[in-house]
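What follows is a short report on a single structure.
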Amino acid sequence: RINARIGYLGMLANVSTMVGLLGTIFGLIAAFAAVAAADPEKKGVLLANGISQAMNTTAFGLIAAIPMLVAHSVLTSKADSLVDDIDRYSVMVMNMLSQARREG
């Protein structure tokens with residue numbers, strides 16, 4: 002239960018990366034389609050706009066994914082540490098109860 006929802010962060014980070022990549026592909030497709038159908042003097046501007054769109058979607062995908070991956074890693078580590086502490090203390094309590102029962 003402690004780490005039940007932590008996996009969602011990893012999933013969202015992966016989805017963010019994939020959405021950024023998909024936006025990159027769409028941006029490049031739009032850029033090359035615009036260049037193919039444009040006047041020669043407008044091709045440079047249209048190509049630059051399409052590449053800009055592609056790079057922006059990549060950047061936004063990474064801006065979303067990187068903090069989520071860091072948070073996922075930190076929270077997974079904290080949850081694992083907490084579970085280890087709970088296990089250790091429960092063994093200590095069981096040992097103390099067992100010893101008290103033998104003595105009492």
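To convert a position in the sequence shown, counted from 1, into the working numbering, add 1.
Beta carbons are placed, not taken as given, at the ideal position from N, Cα and C, and that holds for glycine.
Handout entry: Given 8 Å, three or more beta-carbon pairs between the segment 63-75 and the segment 15-27
Key = yes
Exercise for the section: Apply the 10 Å Cβ neighbour rule to Leu10 and answer buried if 16 or more other Cβ atoms are within range, or exposed otherwise. Expected result: buried
Practice task
On a CA-only basis, which of Thr25, Ala80, Leu29 and Val71 is nearest Arg2? Give me that one, please.
Solution key: Ala80
Practice task
Compare the Cα-Cα distances from Ile30 to each of Gly45, Glu42 and Gln54 and report the closest residue.
Solution key: Gln54
Handout entry: Cα-Cα separation, Glu42 to Asn15
Key = 40 Å
Practice task
In the DSSP assignment, find the alpha helix (DSSP H) that holds Ile52 and state where it starts and stops.
Solution key: Lys44 to Glu104
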